[in-house]
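One structure below.
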Amino acid sequence: MSAREDGEEKIEQEISEAPVRDETVESNLVCEKRTEKSSDSDDKAQKVPVNAENTVQGCEYPQIPDPQDPTRILERKDLWKQRIFFLSMLAGLNIGLAMVAVFALEGRFIFAFIIFMKSKDFLSSLLSATGLLTRSIYRIFKPLAPVPRQWILTLIPAYSESEGQIIKTIYSLRDNDIEPHRQVMVVLLDGKPRNVRSHMTRIVCEFKRPYISLKHKRGMLKIVAGFAQDVPIIVIEKKKNSGKKDSLVLCHDLFNVPRQNIPLYTRLLREEIWTNILPILTEGHDFTKFDMIFCTDADSMLYKGAVASLANALVRDNHAIAACGLVLVELEPGFEWSFWNLYQQFQYTFGQFVRRRAESFVGKVTCLPGCITMIAVRDEMAGAIRKYAEPVTIYPVISHQVQYLGTDRRLTYSMLSQNKKLHTLFIPEAVSETIAPQSLQHYLSQRQRWGSNAYFNNCFYWMGENMIIITRIAASVDVIRLSMVYYRVVNTALFLKRLSKGVTFMEIMPLLVVSQFPTIWYVFNVLFLEKELRKRAHKLFIGFCINKLIGYFISVTVFTKVALHMGSQVWGISGVTAASSAAPGVPGAATTATLQRAAEEGRAGSHIESEVVRAQNREVM
Numbered sequence: 001m002s003a004r005e006d007g008e009e010k011i012e013q014e015i016s017e018a019p020v021r022d023e024t025v026e027s028n029l030v031c032e033k034r035t036e037k038s039s040d041s042d043d044k045a046q047k048v049p050v051n052a053e054n055t056v057q058g059c060e061y062p063q064i065p066d067p068q069d070p071t072r073i074l075e076r077k078d079l080w081k082q083r084i085f086f087l088s089m090l091a092g093l094n095i096g097l098a099m100v101a102v103f104a105l106e107g108r109f110i111f112a113f114i115i116f117m118k119s120k121d122f123l124s125s126l127l128s129a130t131g132l133l134t135r136s137i138y139r140i141f142k143p144l145a146p147v148p149r150q151w152i153l154t155l156i157p158a159y160s161e162s163e164g165q166i167i168k169t170i171y172s173l174r175d176n177d178i179e180p181h182r183q184v185m186v187v188l189l190d191g192k193p194r195n196v197r198s199h200m201t202r203i204v205c206e207f208k209r210p211y212i213s214l215k216h217k218r219g220m221l222k223i224v225a226g227f228a229q230d231v232p233i234i235v236i237e238k239k240k241n242s243g244k245k246d247s248l249v250l251c252h253d254l255f256n257v258p259r260q261n262i263p264l265y266t267r268l269l270r271e272e273i274w275t276n277i278l279p280i281l282t283e284g285h286d287f288t289k290f291d292m293i294f295c296t297d298a299d300s301m302l303y304k305g306a307v308a309s310l311a312n313a314l315v316r317d318n319h320a321i322a323a324c325g326l327v328l329v330e331l332e333p334g335f336e337w338s339f340w341n342l343y344q345q346f347q348y349t350f351g352q353f354v355r356r357r358a359e360s361f362v363g364k365v366t367c368l369p370g371c372i373t374m375i376a377v378r379d380e381m382a383g384a385i386r387k388y389a390e391p392v393t394i395y396p397v398i399s400h401q402v403q404y405l406g407t408d409r410r411l412t413y414s415m416l417s418q419n420k421k422l423h424t425l426f427i428p429e430a431v432s433e434t435i436a437p438q439s440l441q442h443y444l445s446q447r448q449r450w451g452s453n454a455y456f457n458n459c460f461y462w463m464g465e466n467m468i469i470i471t472r473i474a475a476s477v478d479v480i481r482l483s484m485v486y487y488r489v490v491n492t493a494l495f496l497k498r499l500s501k502g503v504t505f506m507e508i509m510p511l512l513v514v515s516q517f518p519t520i521w522y523v524f525n526v527l528f529l530e531k532e533l534r535k536r537a538h539k540l541f542i543g544f545c546i547n548k549l550i551g552y553f554i555s556v557t558v559f560t561k562v563a564l565h566m567g568s569q570v571w572g573i574s575g576v577t578a579a580s581s582a583a584p585g586v587p588g589a590a591t592t593a594t595l596q597r598a599a600e601e602g603r604a605g606s607h608i609e610s611e612v613v614r615a616q617n618r619e620v621m
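Heads up, the final residue of the sequence shown is numbered 621 in the UniProt record's numbering, and it's a clean run with no missing numbers.
What follows is the structure, given as structure tokens:
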């Protein structure tokens, strides 16, 4: 039985048997007063008294002028000028390197180039091995201390996910063994209504409030607070789709340390929630503030103990601002041996255990996946969200690209850029499974977005503020590697030609050590260190072989799409997988047509922007 199947029967039974009980609750905020339902069928027909204070018109929020969007809109000609300049630089670099290799230092240059391309993986593997050994010895003499109880705000953003998926996620998180910690959940519906309210067994408050989105558009929020059985939950529904980035900013504005330029309506809503709702939801549990915010997706599956593992890691590192877990490809029923699942499973795991783990040992994980990340509530987050949310008013298209298309990687950069001492961590004990694309079209669309985010955000890690030297060097290597993707094909051909002429073992030994050690280290992880990888060893081997066969073609295709679409903020195809649609009888099932419309709207959000981009660009030897 798979990890997702384990426990689903229990959750489904709880959902179907959950009693519906509404209570009248007196509070400073005028809350909805409801009579007891006679039956589920009467729910829709029942009229609920509406108080003026619960409406947008009667909430006494001050009227403000229509918001002005200061964002600089690049004209088509400006975009093409910068795109042509970028493509010309790439062409000049790759052609120049090819000429040097062919006409100048053919032998040495070819070998040196491959060593350079493999250097980051080689050094990352060495750092990971050394770090694991050192940490194991250290913990023999100083075991981990118990962690005091933490209050966690769990964010579940939802767009195309079905009502059934959302409810299962709520109960799955409740049963995630988070003790001694406690949590309050927030479901943030981004423009697509889901009747989460019908699954709540006690309603505390229900009201509507005006809202200014990240795109400087007027909107309206519908808030329902209460309990789903024993789970304290706040459902915030945005009437118009504003993107996952808007949802993330709204959540941190409401529950993290607020930024200085927080919008007026959001600040007033924050005061209402903290004054009138949270005291009721946390009554009897000595709640004063949240200590951290856990971010996940409604279509991701968390292994038991994942939330507590991330919370404990944040508490034990005083400089940690965020921690992420391990992301695996979910092997959906009937797709266990899918070509795309096998291929991407290898990419995901190689990138995380070779590169991300090394980044964690220096405290600088550069991409925290949105499906399993814990973010600390601390003062630096106010500056991070301000940077993450600010509009772009300058000319260079690269700033527009990272600010409006990137989510996970851009937020991570915004956090790390606040202070050199801040840490971001990778905790492989916290495991999540996410659904991967199941077609070439969807795969290339996703990788174009991830590749763009990785490439252009690495430029900021390379030359941005408050980055340590190791992060700058690693980012520069990644940028150079991706920029030379076309020459890499030429270099491989020249390398094979050089081998056919004959080389001595001593000539090729440094190349063999640098290029193959990362693979050896990865295999060691699979066979001896990581239980979850060992379960998938045979499938990871097949994925490794597939990667060797098609890696070059995928690398060239993806980077070509990144270069040709530089400046495009179209989100692309999202969510088209075997599990996209809802279960029979569940309203709100996502269809390909609606998902395509979401793509055209430029919906913001992603499961993970990870080192898989670099994994798919590995040199094929």
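Think of the CB as a built atom: it goes at the ideal place given N, C-alpha and C, for glycine as much as any other residue. These numbers come from a predicted model, not from an experiment.
- According to the DSSP assignment, residue 539 belongs to the alpha helix (DSSP H) that extends over 537-564.
- In this structure, the alpha-carbon of residue 482 lies about 7 Å from that of residue 455.
- The alpha carbon of residue 560 has as its nearest neighbour, out of 364, 88, 70 and 188, the alpha carbon of 88.
- For residue 211, no alpha helix (DSSP H) segment is defined; the enclosing uninterrupted segment is the beta strand (DSSP E) at 202-212.
- Under the rule that a run must span 4 or more residues, the alpha helix (DSSP H) segments found entirely inside the stretch 204-292 read 244-255, 264-272 and 278-281.
- When C-alpha distances from residue 104 are compared across 149, 144, 494 and 326, the shortest belongs to 494.
- Taking the Cα positions, residue 226 is about 10 Å away from residue 185.
- Less than 7 Å separates the beta-carbon of residue 280 from that of residue 204.
- A direct Cα-Cα distance of roughly 7 Å separates residue 59 from residue 209.
- When DSSP states are grouped into helix, strand and coil, residue 324 belongs to the strand group.
- Looking at the DSSP output, residue 423 bridges to 320.
- In this structure, the CA atom of residue 525 is about 16 Å from the CA atom of residue 359.
- Distances from the CA of residue 159 to each of 266, 347 and 246 were compared; the closest alpha carbon is that of 246.
- The residues 175, 176 and 177, in chain order, have a CB closer than 8 Å to that of residue 304 in the same chain once the five nearest residues on each side in sequence are set aside.
- Contact between the stretch 141-153 and the stretch 111-120 is absent: fewer than three C-beta pairs spanning the two stretches fall below 8 Å.
- Counting only runs of 3+ residues, the beta strand (DSSP E) found wholly inside the stretch 298-369 occupies 320-329, in chain order.
- For the 7 Å CB-CB criterion, residue 452 and residue 462 do not form a contact.
- Looking at 180, 566 and 302, the one whose alpha-carbon comes closest to that of residue 151 is 180.
- Per DSSP, reduced to three states, the secondary structure at residue 190 is strand.
- Judged by DSSP secondary structure, residue 518 falls within the alpha helix (DSSP H) whose first and last residues are 505-524.
- Residue 533 carries a helical assignment under DSSP once its states are collapsed to helix, strand and coil.
- Rounded to whole angstroms, the separation of the alpha carbons of residue 323 and residue 317 is 10 Å.
- The shortest C-alpha to C-alpha distance from residue 442 to any of 558, 216 and 231 is the one to 558.
- Contact fails between the stretch 192-199 and the stretch 277-294, because fewer than three Cβ pairs, one in each stretch, are under 8 Å apart.
- Ranked by Cα distance from residue 336, the first of 296, 140 and 540 is 540.
- Taking a contact as a CB-CB distance under 8 Å, the pair residue 372 and residue 264 does not count as one, their CB atoms being some 33 Å apart.
- Residues 397 of the same chain have their beta carbon placed closer than 6 Å to that of residue 82, with the five preceding and five following residues left out of the count.
- Here the alpha carbon of residue 543 sits roughly 57 Å from the alpha carbon of residue 57.
- Residue state for residue 296 is assigned as strand, using DSSP reduced to three classes.
- In this structure residue 257 does not touch residue 99 by the C-beta definition: roughly 54 Å separates them, more than the 8 Å allowed.
- Cβ atoms of residue 200 and residue 211 stay farther apart than 8 Å, at about 22 Å.
- Collapsing the DSSP output to three states places residue 149 in coil.
- Comparing alpha-carbon positions, the option among 223, 383 and 352 lying closest to residue 432 turns out to be 352.
- In the structure shown, the three-state DSSP call for residue 99 is helix.
- The shortest CA-to-CA distance from residue 157 to any of 93, 251 and 342 is the one to 251.
- Each residue's CA atom was taken as its position, placing residue 331 and residue 92 some 43 Å apart.
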